[in-house]
Structures are given as C-alpha cells and as structure tokens.
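Here is the structure we will look at, set down as structure tokens.
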Amino acid sequence: MATRRRAVSTARTLSDSTTTAPHRGEPAFPGREMAASDADADAGAGAGAGLRSEFLQVLLSRRRHLQVPLSVEQGSPVKNPLYQKPLSPNEANPMKSCPSKEVGNFKEKLVEENFYLVTELGEQGRVPALLLKLNDPIPKRKPAIVFLHSSYKCKEWLRPLLEAYASRGYICVAIDSRYHGERASNETTYIDALKSAWWNGDTMPFIFDTVWDLIKLGDHLSGREDIDPSRIGITGESLGGMHAWFAAFVDTRYSVIVPIIGVQGFRWALDNNKWQARVNSIKPLFEEARIELGKSEIDTQVVEMVWEKIAPGLDSQFDAPYSLPLLAPRPLLLLNGAEDPRCPISGLEEAASKAAKAYEESGCAEKFMFIAEPGIGHQMTIDMVKAASQWFDRFL
Numbered sequence: 001m002a003t004r005r006r007a008v009s010t011a012r013t014l015s016d017s018t019t020t021a022p023h024r025g026e027p028a029f030p031g032r033e034m035a036a037s038d039a040d041a042d043a044g045a046g047a048g049a050g051l052r053s054e055f056l057q058v059l060l061s062r063r064r065h066l067q068v069p070l071s072v073e074q075g076s077p078v079k080n081p082l083y084q085k086p087l088s089p090n091e092a093n094p095m096k097s098c099p100s101k102e103v104g105n106f107k108e109k110l111v112e113e114n115f116y117l118v119t120e121l122g123e124q125g126r127v128p129a130l131l132l133k134l135n136d137p138i139p140k141r142k143p144a145i146v147f148l149h150s151s152y153k154c155k156e157w158l159r160p161l162l163e164a165y166a167s168r169g170y171i172c173v174a175i176d177s178r179y180h181g182e183r184a185s186n187e188t189t190y191i192d193a194l195k196s197a198w199w200n201g202d203t204m205p206f207i208f209d210t211v212w213d214l215i216k217l218g219d220h221l222s223g224r225e226d227i228d229p230s231r232i233g234i235t236g237e238s239l240g241g242m243h244a245w246f247a248a249f250v251d252t253r254y255s256v257i258v259p260i261i262g263v264q265g266f267r268w269a270l271d272n273n274k275w276q277a278r279v280n281s282i283k284p285l286f287e288e289a290r291i292e293l294g295k296s297e298i299d300t301q302v303v304e305m306v307w308e309k310i311a312p313g314l315d316s317q318f319d320a321p322y323s324l325p326l327l328a329p330r331p332l333l334l335l336n337g338a339e340d341p342r343c344p345i346s347g348l349e350e351a352a353s354k355a356a357k358a359y360e361e362s363g364c365a366e367k368f369m370f371i372a373e374p375g376i377g378h379q380m381t382i383d384m385v386k387a388a389s390q391w392f393d394r395f396l
C-alpha cells in the first residue's frame, strides 16, 4: 500500500522533508455558535459537513438536558494519580525519549496550570486538565497540543511528553478522559461505566463522551490569550488515539492530528472475525452483554450490538473509511504497529486509501502519512514518539 512506510525510514523521511508553512485551521466547529462565514465554509464541504452534523447529533442525543455554559474552576496538582491497571516497568520509556530542547533552569521556567472545565451537569461533566508551558517574558500566542492517555491511565502519565514539548515552545494540555484519573474513584470505575452504558444506554463512555469534552476544550483553548487558535494539535495513544481521531473529525479547530495505535476499521474487524483483541481489552463489558443476550460465548453479534449501544455508528457511518478522509486537508499522521491485533493493518487499508485520495484531491498529499512499524504490536514506540514530534514541528 502506497501510504505504508517502514518505521526505520520514518525519521529520515520527516526530517529531510522541506518544511512547509504551518497549517491554519478550518473554521471552528460545534462548541460555539457558528458565524455565517463559518457556516458557509462548512457547507461547502458537502457530505463532510453532513456527517459531522450527524455525529454531533449523536453526541447531543444523550446530554440534551445536561448542557450548561462552559466554565473554568481552579484545580491543584494530583499527588497520587489513580491507575486502574498496574504499570509495566519500562512502559514510560518511549515518552521519556521524546525530543526536548535544552532550557536553562527549565523547572523554574515551567508554568503549570491545574483546572477543571465544566462541560455539562453531573459528576463526569467536570473535566480535570493539566497545562504546561514555559514562562514567556514577552507574551505571545503559541501553538498548543492536546495529549490524550490510553485506557486505565490518567493525564499525569503523560507528563514526560508535556514537558518535552513545552521545552520546545508548545503549550501542552492533557485531560483525564471519562471515568479515568480524577474522574474515577477506584480501579473498576471505567469498566463499571461501560457496563452501565450497556444496561442503561444513557452514556457513551468508550469514546464519544470524551469527544464531547474535547469540543469544549477546543472552546476554552481557542479563547485563551496565550494560544494561537489556528494552531491547536491533538494526539493520543490507543484509546487516546481514538479520542484524537474523532475529536478532529467533528471539530476542525484541531489543525494537526497524530493518532498513535488508535485508528482501526471497526466494521472490517466484525466482517473478518478480527475483533477479539479489541474486545479483550474491555472484556467484562462484552461478558455482561453476552449473558443478557443468552449467548454461550462472545460472538460477532454480541460485539456488534455492544458497539451500537455504547457508540452508535462506530462500525458504520462514522467508521474510519468515512471519517478519516474528512480530516483533509489538515495534516494527519497515522502511527500503528504492523502486528497490532487491536488495530489490524489489513483493516486500515480502505481507510488509508480513501484518506490518501482525499489529501491528493485537496492538493496536499504530503500532509497525510500512514506508518505501520514492522514487528510491533499494540504499543507506542520510541520511533512513533519521534515521528509524532517531527510531524508537529513540521506542520504546527
């Protein structure tokens, strides 16, 4: 496939490329009332605008009575972050390898903000955020990047990345996704929320509810005096990569996108019996559904019914072959492991092909790249961290 590159050549490919002018984002999307010019521009996107609107309606369908004006509350550093699964000894090494800039007295110059965004009523409507940046004696608007953690982790886990990017002049933001970090009370909070979503159908904790928070985060970041609203990037690992993918799909203010081991073809996995690894990552949810449906084992029908209940359209109209191409012309780097069972590469061929075509038709083929790192399963690697870093430096 033309868009697949060997990881060993990634650093050379990105660093040797001619630097282009930073991409300036498309009009802001649903977090605020759209100006007439915004609406006209988005209407010009035709089917893309329609699919975004349809996705937004899905997000709104389970929170119409929960909406409140966006507000910000003061927070404080988290002393003992909650992880819902044990961490492996070397798991943080790829993040620690992230390129950084030598800054004298870095710790003294690093500014940390802890705050909460109130995005809707209810316990989960309070979004904990961590922001790091360098103290700037001459205030000016800077590019910002949103970082999103994987399942069972929290925003504090991402601190090595935040500090590395902050040393290079970015404003770096991480949030706790729904039912994680400060939004969790124990080690089963996330799984319990998934089960509840299956039983009650009133929440979408797997992906979509956090995407709502990211739209609201876009509102907040775009309104800050220290951030250039046309230069807001987004990235994440695994579940965080899915959050980045869908947030950028629905909200065009995210102008540079790097999902890491997060994008997959959900319908392809169902049609080709390759859903097991993804299901096993949150298996108690599917066991709950299996029992209710009277099945002796988890099968394709169970998986399909769960997706439709907790993330409507995930394996149909909003799946990767339809949503990824709509990220064009914004720079998009997909980073996956060639042997990743949760995000099978074969299941991305259609999506990557359609995305490549969309970028070519937009006259910016160089703004899309899909890298499948040989021999790598479902893990973020040093090469992926380096490639993501170079992509943001090039386009943001």
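Number 37 in UniProt numbering belongs to position 37 of the sequence shown; there are no gaps in the numbering. Where is the CB? At the ideal position from N, CA and C, for every residue including glycine. This one's a predicted model, so the numbers in the text were calculated from it and none came from an experiment.
Using DSSP with H/G/I as helix, E/B as strand and the rest coil, what is residue i?
{"i": "VAL78", "result": "coil"}
{"i": "ASP228", "result": "strand"}
{"i": "ALA7", "result": "Note that ALA7 has pLDDT 32, beneath the 50 cutoff, so the model's placement of it is unreliable and the number below is only indicative. It is helical."}
{"i": "LYS195", "result": "helix"}
{"i": "LEU396", "result": "coil"}
{"i": "ALA184", "result": "coil"}
{"i": "GLN276", "result": "helix"}
{"i": "LEU293", "result": "coil"}
{"i": "LYS386", "result": "helix"}
Go through its chain and collect everything with a Cβ distance to residue i's Cβ below 6 angstroms, but skip five positions before and after it.
{"i": "LYS101", "result": "SER167 and ARG168"}
{"i": "THR119", "result": "GLY125, VAL127, ASP213 and LYS216"}
{"i": "ARG76", "result": "The question names Arg, but residue 76 in the sequence shown is Ser. ASN114, listed in sequence order."}
{"i": "PRO229", "result": "SER222"}
{"i": "VAL111", "result": "LYS133 and ASN135"}
{"i": "ASP226", "result": "none"}
{"i": "ALA184", "result": "LEU82"}
Mind checking who residue i pairs with in its DSSP beta bridge?
{"i": "GLN67", "result": "GLU120"}
{"i": "ILE215", "result": "DSSP lists no partner for ILE215."}
{"i": "MET369", "result": "LEU333"}
{"i": "ILE282", "result": "Answer is none; ILE282 lacks a bridge partner."}
{"i": "residue 397", "result": "No answer is possible for residue 397: the residues shown for the chain start at 1 and end at 396."}
{"i": "LEU110", "result": "LEU134"}
{"i": "LEU148", "result": "ILE175 and GLY236"}
{"i": "VAL72", "result": "LEU117"}
Is it buried or exposed, residue i, if we count other Cβ atoms within 10 angstroms and call 16 or more buried?
{"i": "HIS65", "result": "exposed"}
{"i": "LEU131", "result": "buried"}
{"i": "residue 429", "result": "Any answer about residue 429 is impossible in this case: the structure gives the chain only from 1 up to 396."}
{"i": "ASN336", "result": "buried"}
{"i": "TRP268", "result": "buried"}
{"i": "ILE310", "result": "buried"}
{"i": "GLN67", "result": "exposed"}
{"i": "GLU319", "result": "For the record, residue 319 in the displayed sequence is Asp; it is not Glu. The residue is buried, with at least 16 neighbouring Cβ atoms inside 10 Å."}
{"i": "GLU54", "result": "exposed"}
{"i": "GLU182", "result": "buried"}
{"i": "GLU297", "result": "exposed"}
Check for me: the beta strand (DSSP E) holding residue i runs from which residue to which?
{"i": "PRO94", "result": "Note, PRO94: premise wrong, no beta strand (DSSP E); alpha helix (DSSP H) at 93–96."}
{"i": "SER255", "result": "254–260"}
{"i": "ALA174", "result": "171–175"}
{"i": "VAL127", "result": "126–134"}
Between which residues of its own chain and residue i is the CB-CB distance below 8 angstroms, once the five residues before and five after are set aside?
{"i": "ALA193", "result": "ARG178, TYR179, THR203 and PRO205"}
By the DSSP assignment, the alpha helix (DSSP H) with residue i in it spans what residues?
{"i": "ARG342", "result": "Here ARG342 belongs to no alpha helix (DSSP H), and DSSP marks it neither H nor E."}
{"i": "MET305", "result": "300–310"}
{"i": "ASP251", "result": "Run containing ASP251: none; DSSP gives neither H nor E here."}
{"i": "GLU350", "result": "349–361"}
{"i": "ALA328", "result": "Neither: ALA328 is in no alpha helix (DSSP H) and is coded neither H nor E."}
{"i": "TRP157", "result": "Element bounds for TRP157: n/a, residue is neither H nor E."}
{"i": "GLN57", "result": "47–61"}
{"i": "TYR322", "result": "320–323"}
Any beta carbon from chain D within less than 9 angstroms of residue i's own beta carbon?
{"i": "ALA351", "result": "This model lacks chain D altogether, as it is built from one protein chain only."}
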